[in-house]
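Chemist: Below you'll find the structure I mean.
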Amino acid sequence: MSFGRPPSISGSFSVSPPDRGSFPLDHDGECKQFMQMYLDCLRKNTNNSTPCRHLNKDYLECRMARGLMERDDWRNLGLNGVGGTESASGGNKDGSVAKDNPKDRPNVQS
2 MSFGRPPSIS GSFSVSPPDR GSFPLDHDGE CKQFMQMYLD CLRKNTNNST PCRHLNKDYL
62 ECRMARGLME RDDWRNLGLN GVGGTESASG GNKDGSVAKD NPKDRPNVQS
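Structure representation (structure tokens):
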């Protein structure tokens, strides 16, 4: 018996990939501004995510572009047909620059 010790790992132990939907945390804050904008939008809209879907798509695009989650079809993520996402450079996928919408900016309180 091995009281107080973890059980020994036998030869039958095998490593399995993470479940679908689990992905690395953003320890370096690479997509923090996208996440903050999305969360601020949810707060403004009493947790109704419909008006914030474009921000959700931007956040997930940031994560996929930086390898923080596996790239997937927007249809599989429930975001098919949502407005164009901004790339990490600040423009749309077609190269045009997105219009600045003050409603999409996070609230900054001093």
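Offset between the sequence shown (1-based) and my numbering: plus 1. Positions of the beta carbon are idealized from the N, C-alpha and C atoms, including for glycine.
Tell me whether L31 sits in a helix, a strand or coil according to DSSP, three-state version.
Modeler: Per the sequence shown, residue 31 should be read as Glu rather than Leu. In this structure, E31 counts as coil in the three-state DSSP scheme.
Chemist: Helix, strand or coil: how does DSSP classify P125 here?
Modeler: The structure shown does not extend to residue 125, since the chain is modelled only from 2 through 111, so no value can be given for it.
Chemist: According to DSSP, is D73 helix, strand or coil?
Modeler: Correct three-state label for D73: coil.
Chemist: By DSSP, does L61 sit in helix, in strand, or in coil?
Modeler: Reduced to three states, the DSSP call for L61 is helix.
Chemist: With the cut-off set at 7 Å, would you say R72 and M65 are in Cβ contact?
Modeler: Taking 7 Å as the Cβ cut-off, R72 and M65 qualify as a contacting pair.
Chemist: Roughly how many angstroms separate the alpha carbons of N57 and M36, rounded to a whole number?
Modeler: Using only the alpha carbons, I get a separation of about 8 Å.
Chemist: In this structure, how does DSSP classify T47 when only helix, strand and coil are distinguished?
Modeler: T47 falls in the coil class under three-state DSSP.
Chemist: Where does D41 sit, in a helix, a strand or coil, going by DSSP?
Modeler: Note: D41 maps to helix in three-state DSSP.
Chemist: Among residues of its own chain, excluding the 5 on either side of D74, which ones have a beta-carbon nearer than 8 Å to its beta-carbon?
Modeler: Excluding residues within five positions, the ones whose Cβ falls inside 8 Å are N81.
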